[in-house]
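**Student:** For what it's worth, my numbering labels the leading residue of the sequence shown as 3, then goes sequentially. Just so it is clear, CB atoms sit at the ideal spot from N, CA and C, and this is done for glycine as well.
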Amino acid sequence: MRDYVSLSQDELNRVLSEVRKDNDEHEKNPDPVAVSLSPTELERLMVGGALPADASQAEKDAARAAKIEERKRRMAEVLAQANASSPKRISVVYGTATRRGWEIEKLRAGDSILLDRIVPEYAEIMVDGKLFARGAIEDKDGHAAIKIVQIV
Numbered sequence: 003m004r005d006y007v008s009l010s011q012d013e014l015n016r017v018l019s020e021v022r023k024d025n026d027e028h029e030k031n032p033d034p035v036a037v038s039l040s041p042t043e044l045e046r047l048m049v050g051g052a053l054p055a056d057a058s059q060a061e062k063d064a065a066r067a068a069k070i071e072e073r074k075r076r077m078a079e080v081l082a083q084a085n086a087s088s089p090k091r092i093s094v095v096y097g098t099a100t101r102r103g104w105e106i107e108k109l110r111a112g113d114s115i116l117l118d119r120i121v122p123e124y125a126e127i128m129v130d131g132k133l134f135a136r137g138a139i140e141d142k143d144g145h146a147a148i149k150i151v152q153i154v
């Protein structure tokens, strides 16, 4: 059984909206002041604790930057969950060949096409069109299979 993450469009839109709003505010003031915060102070800021009324501008800037980073982290987690649960297309490419159009038109059943690989080379395993791994083609109970030998 597969575990799927269910995300509502409203939840995704809400997080994206918060990130965009904070990023827009941050772009208006691109020179943040470097301030070091203790782990306790940072945790207080992350969980939404308010700064004291007499907090310096540097503390406010650091709190805003920490809030933006936390939202970016949360958004990255949401996107990673969505990506992990979406189906991926796996393709195995054993070799390729280039031919002119007229050569392709002349192909008939029973013809052979010479590939750019030699027989013992590994096939490429593509996930959504991107190289993921290399593997050896094998037979598993009468079905073609590929054994992963190298993750790229």
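Tyr96: which of Ile150, Ile139, Arg102 sits nearest, CA to CA?
**Tutor:** Answer by Cα proximity: Ile139.
**Student:** If I measure Cβ to Cβ from Ile115 and keep anything under 6 Å in the same chain, skipping five residues before and after, which residues do I get?
**Tutor:** These residues qualify, in order along the chain: Ala99.
**Student:** Determine the extent of the alpha helix (DSSP H) in which Lys74 is found, giving its start and end residues.
**Tutor:** Element bounds for Lys74: 59-87.
**Student:** Going by C-alpha distance, which of Arg101, Ile127, Ala111 is nearest Asp118?
**Tutor:** When each option's Cα is compared against that of Asp118, the closest is Arg101.
**Student:** Cβ of Arg136 within 7 Å of Cβ of Glu126?
**Tutor:** Contact flag set, yes.
**Student:** Compare the C-alpha of Ser93 against each of Val129, Asp141, Asp12 and name the closest.
**Tutor:** Answer by Cα proximity: Val129.
**Student:** Starting from Glu107 and walking both ways along the beta strand (DSSP E), at which residues does that stretch end?
**Tutor:** That residue, Glu107, is in no beta strand (DSSP E); its alpha helix (DSSP H) goes 103-107.
**Student:** State the start and end residues of the unbroken beta strand (DSSP E) segment that holds Lys149.
**Tutor:** First-last of the beta strand (DSSP E) with Lys149: 145-153.
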